[in-house]
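Read in order, the letters of the sequence shown are residues 7 to 313 in this note's numbering. Backbone N, C-alpha and C define an ideal beta-carbon position, used for all residues, glycine too. All values derive from a computational prediction rather than experimental measurement.
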Amino acid sequence: MALPAALRSGAGRTPEGAAWLGRVPDLVARALRRWDLVAGEPFASGSASWCAPVRGPGGADLVLKVSFPHDEARDEAAVLRAWHGRGAARLVDAHAEDWALLLDRVRPGTPMRAARTPVAARLAAGADVLRALHAAPAPAGLPALADVVGRWAVLVRERADRAACAGLRLDPGLLRAALGVLEAPAAGRAVVLHGDLNPGNLLRGPDGWVAIDPKALRGDPAYDPWSLLEQVGAPWRAPDPVRALGDRTRLVAGRAGVDAAAAAGWALARSVEAALWLWHHGARPPAVDATLRRARDWAAVRDGAAR
Numbered sequence: 007m008a009l010p011a012a013l014r015s016g017a018g019r020t021p022e023g024a025a026w027l028g029r030v031p032d033l034v035a036r037a038l039r040r041w042d043l044v045a046g047e048p049f050a051s052g053s054a055s056w057c058a059p060v061r062g063p064g065g066a067d068l069v070l071k072v073s074f075p076h077d078e079a080r081d082e083a084a085v086l087r088a089w090h091g092r093g094a095a096r097l098v099d100a101h102a103e104d105w106a107l108l109l110d111r112v113r114p115g116t117p118m119r120a121a122r123t124p125v126a127a128r129l130a131a132g133a134d135v136l137r138a139l140h141a142a143p144a145p146a147g148l149p150a151l152a153d154v155v156g157r158w159a160v161l162v163r164e165r166a167d168r169a170a171c172a173g174l175r176l177d178p179g180l181l182r183a184a185l186g187v188l189e190a191p192a193a194g195r196a197v198v199l200h201g202d203l204n205p206g207n208l209l210r211g212p213d214g215w216v217a218i219d220p221k222a223l224r225g226d227p228a229y230d231p232w233s234l235l236e237q238v239g240a241p242w243r244a245p246d247p248v249r250a251l252g253d254r255t256r257l258v259a260g261r262a263g264v265d266a267a268a269a270a271g272w273a274l275a276r277s278v279e280a281a282l283w284l285w286h287h288g289a290r291p292p293a294v295d296a297t298l299r300r301a302r303d304w305a306a307v308r309d310g311a312a313r
């Protein structure tokens, strides 16, 4: 069986992942037998799952997804059931032991990252998806956002100390602001979070946009917009990036029903965490500095939204 290059270089980069890749042909064959499916060629994208269009009994147009076992995918079936096709691809069936999901295929399935509609329309559509996802009742046992980002905070502190010793110029105020968000996230309403709503995880369906590939969490709804805010269009190419970020933050926050200042605060914190992740993994200084500049811009957006 052919394995996509993205999967080989993603899941296959660790010994555990390489061992799982060796089991993928058998896992897929079992799923095809279990659900009486005929598979097409696997999709080329996806670094943590084998995913392909399939035909079910009676010609049903479906997708089979077999994931590498990891924490971020553990609750995918549970949240897809909770969403029940409202704002997300509909789950048809799941097999927990094999980490296999059977889903309705989204048609035409164009990812938002390839769409040519105006940026504001895409941001509004993404925000509407978030509002729908956040409205669902949370399944029992979802990881708490506060626990996840608390572990990130430990890494941020440790990496910031080492980076400072190595000569990285990190604004202490920016670091304090990021840690303030990560170590004490808002204690307001907790919702089902998608966790990774970037424009590659939004597909055009017959009745609008739907989300795929959640990294499910439970917590502050203002956590979710960051990927949309940064990755739809090119806000840092605008003449005034802070103004552009502020405009899109107000648009998305208003439609999604989240606090704009809190959304900008999460973007600040995640940008600082991302910069230190890049430094830790040996990225070149210009990439680290660019990510820290983005964090400073988010700090300005947060301060403006809080006034």
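Span of the beta strand (DSSP E), counted from its first residue to its last, around residue i
i: Ala-11; result: No beta strand (DSSP E) holds Ala-11; the alpha helix (DSSP H) holding it covers 11 to 16.
i: Ala-101; result: The residue asked about is misnamed: residue 101 is His in this sequence, not Ala. From DSSP, the beta strand (DSSP E) with His-101 extends over 97 to 101.
i: Asp-226; result: Segment: none, Asp-226 is in no beta strand (DSSP E) and carries neither H nor E.
Alpha-carbon spacing of residue i relative to residue j, whole angstroms
i: Val-154; j: Gly-64; result: 43 angstroms
i: Glu-366; j: Leu-68; result: Because residue 366 is not part of the residues shown, which for the chain are 7 to 313, the question remains open.
i: Trp-56; j: Val-72; result: 5 angstroms
i: Ala-142; j: His-286; result: 37 angstroms
i: Asp-104; j: Arg-243; result: 44 angstroms
i: Val-125; j: Asp-134; result: 14 angstroms
i: Val-278; j: Val-197; result: 24 angstroms
i: Ala-150; j: Ala-100; result: 23 angstroms
i: Val-44; j: Ala-35; result: 10 angstroms
i: Lys-221; j: Glu-82; result: 7 angstroms
i: Ala-270; j: Arg-308; result: 5 angstroms
i: Leu-13; j: Ala-312; result: 42 angstroms
i: Leu-129; j: Pro-241; result: 12 angstroms
i: Asp-387; j: Arg-276; result: Outside the shown range of the chain (7 to 313) lies residue 387, about which nothing can therefore be said.
i: Arg-137; j: His-200; result: 11 angstroms
i: Trp-232; j: Ala-273; result: 5 angstroms
Residue i - partner residues in DSSP beta bridges
i: Ala-58; result: Leu-70
i: Arg-210; result: Trp-215
i: Val-198; result: Arg-224
i: Ala-94; result: Ala-217
i: Ala-45; result: Val-60
Residue i - containing alpha helix (DSSP H), residue span
i: Gly-185; result: Position check: residue 185 holds Leu in this sequence, whereas Gly was assumed. Per DSSP, Leu-185 belongs to the alpha helix (DSSP H) from 178 to 189.
i: Val-162; result: 151 to 171
i: Glu-236; result: 232 to 237
i: Asp-32; result: 21 to 41
i: Ala-273; result: 266 to 286
i: Arg-80; result: Per DSSP, Arg-80 belongs to no alpha helix (DSSP H) and is neither H nor E.
i: Leu-257; result: 247 to 262
i: Leu-298; result: 291 to 312
Contact between the segment 181 to 190 and the segment 258 to 267 is defined here as three or more beta-carbon pairs at a separation below 8 angstroms; is this criterion met?
no
Segments assigned beta strand (DSSP E), at least 3 residues, entirely inside the segment 98 to 134:
106 to 110
Does the segment 104 to 118 come within contact of the segment 71 to 88, defined as at least 3 CB pairs closer than 8 angstroms?
yes
Touch check for the segment 280 to 297 and the segment 243 to 252: three-plus C-beta pairs under 8 angstroms?
no
May I ask you to verify whether the segment 166 to 177 touches the segment 211 to 224, counting CB pairs closer than 8 angstroms and requiring at least 3?
no
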